[in-house]
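Participant: Right, I'll just put the structure down here and ask away after.
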Amino acid sequence: PSTVEVKLRYTKLGYAGNTEPRFIIPSCIAIKESAKVGDQAQRRVMKGVDDLDSFTDDEAIEKSTYATKWPIRRGIVEDRDLMERFMEQVIFKYLRAEPEDHYFLLTEPPLNTPENREYTAEIMFESFNVPGLYIAVQAVLALAASWTARQVGERTLTGTVIDSGDGVTRVIPVAEGYVIGSCIKHIPIAGRDITYFIQQLLRDREVGIPPEQSLETAKAVKESYNGSKWIKQYTGINAISKKEFSIDVGYERFLGPEIFFHPEFTNPDFTQPISEVVEEVIQNCPIDVRRSLYKNIVLSGGSTMFRDVRCRLQRDLKKTVDARLKLSEN
């Protein structure tokens, strides 16, 4: 079976049984937008040609003469035609598979609408003629994947999943493989906010960064230097002059993921730390599953990959729970 996980920023794809994705590509497609002129027959012919003239992967971002489109927004398919063309590239260009010969496992966000799920199935069955399809909730798959990432005494599908990607962070309680939808909490802080935060810190302190490359530089600092013990130096190439520029990477290396624990740094309207959100989610769940939810907390998504985030969350959550227990005893 082939496995495809389409998320807001990146898409992961590969085959069942592999320990890691075969490809990780941006969830975008570059297309050439033609003016809507001419008669209907001509536009129909041009549309057929333009459907073949599209790019994915880093090619899509680098094509300055093409329009870069993102079919997914907040986990929901926003443009169905683009989604179909994107899946076509995924299946034939990357997996190099005949869809009629492969079963497919796709992922979906929690509380996905039936209409969105129905359209995804429609694409896979009617456009690609797949013999079988299973659409699973990302949080449940994260729990199952945690069995191989660590030594576990018993394999359970009960736990709390903190899924943080580029656009949104969710705290999702799962009991026996079923998402407790009424208790899910969304946090308006994710990887993109960390990038913007680091971009602002660098902009206030460093003057040698080309303005058009400030976001790219902040993203590189976030992904490459976070958690390092010593001050580092980042060297980039000016896209216009082709000259090198260098900046010192100081406190940005640890202040980036700090906004999960002090969200007021970037969002004055949301000041609740992630540890308190996790505590609130679990306390809202039925009392008979709370112990299992505390016992099995799984971090999922690229924005949870920062160094020592797990230890920091465990420490803060323990302090929050201890404070609540002490208050209840009094």
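Using this note's numbering, the first residue of the sequence shown is number 869, and each one after it goes up by one. Glycine included, C-beta positions come from ideal geometry on N, C-alpha and C.
Checking the sheet assignment: what are the DSSP bridge partners for K819?
Facilitator: What is shown of the chain runs 869 to 1198, which leaves residue 819 out entirely.
Participant: Just to confirm, are L876 and P1041 a CB contact at a threshold of 7 Å?
Facilitator: Not in contact: L876 and P1041 (Cβ atoms no closer than 7 Å).
Participant: Taking only three categories from DSSP, how would you classify K880?
Facilitator: If DSSP states are grouped into helix, strand and coil, K880 belongs with the strands.
Participant: Decide if the stretch 1165-1184 is in contact with the stretch 1066-1083; the criterion is three or more beta carbon pairs, one per stretch, under 8 Å apart.
Facilitator: Touching, no, given that fewer than three Cβ pairs across the two stretches are closer than 8 Å.
Participant: Distance, Cα to Cα, P1078 vs Y1002?
Facilitator: Cα to Cα, P1078 sits roughly 46 Å from Y1002.
Participant: If I follow the unbroken alpha helix (DSSP H) through P864, where does it start and stop?
Facilitator: Past the edges of the chain, shown from 869 to 1198, lies residue 864, and the structure says nothing about it.
Participant: Determine the direct distance from the alpha carbon of D969 to that of A1086, and round the result to whole angstroms.
Facilitator: Computed Cα separation, rounded: 43 Å.
Participant: Report the three-state DSSP secondary structure of Y1002 (helix, strand or coil).
Facilitator: Note: Y1002 maps to strand in three-state DSSP.
Participant: Classify A965 as helix, strand or coil using the three-state DSSP reduction.
Facilitator: Three-state DSSP puts A965 in coil, outside helix and strand.
Participant: Note down, one range per segment and in chain order, each alpha helix (DSSP H) of at least 4 residues found wholly within the stretch 1024-1105.
Facilitator: The qualifying runs are 1059-1073 and 1082-1092.
Participant: By how many angstroms is the C-alpha of G1049 removed from the C-alpha of I1057?
Facilitator: Looking at the two C-alpha atoms, the distance is approximately 20 Å.
Participant: Who are the near neighbours of Q908 in its chain, counting only those whose CB is closer than 8 Å to its CB and skipping five residues on each side?
Facilitator: Any reading at Q908 must be qualified, since the residue scores a pLDDT of 45, below 50, and its modelled position is unreliable; no value is offered.
Participant: Could you check if R1121 is buried or exposed, using at least 16 other CB atoms within 10 Å of its CB as the buried criterion?
Facilitator: Looking at its Cβ environment, which holds 16 or more other Cβ atoms inside 10 Å, R1121 is buried.
Participant: Relative to the alpha-carbon of S1014, which residue among L1185, R1192, K1187 and N1164 has its alpha-carbon at the smallest distance?
Facilitator: It is N1164 whose Cα lies nearest to the Cα of S1014.
Participant: Going by CA-CA distance only, name the one from G1045, L1167 and D1184 that's closest to V1039.
Facilitator: That would be L1167, whose Cα lies nearest to the Cα of V1039.
Participant: So what's T1188 in DSSP terms, helix, strand or just coil?
Facilitator: Three-state result, T1188: helix.
Participant: Taking only three categories from DSSP, how would you classify L974?
Facilitator: Correct three-state label for L974: strand.
Participant: Can you tell me whether F996 is helix, strand or coil according to DSSP?
Facilitator: Of the three classes helix, strand and coil, the one that applies to F996 here is coil, per DSSP.
Participant: As a quick exercise: from T1028, A1012 and L881, pick the residue whose alpha carbon is nearest that of Q1151.
Facilitator: Checking every option, the nearest Cα to that of Q1151 belongs to T1028.
Participant: Classify I1105: buried if its beta carbon has 16 or more other beta carbons within 10 angstroms, exposed otherwise.
Facilitator: When all chains shown are included, I1105 counts as exposed.
Participant: If we ignore side chains and look at the alpha-carbon of each, how far apart do G1170 and T879 end up?
Facilitator: Computed Cα separation, rounded: 12 Å.
Participant: So, using beta-carbon positions, are V1089 and V1047 closer together than 7 Å?
Facilitator: No, the pair does not count as a contact, with Cβ atoms beyond the cut-off.
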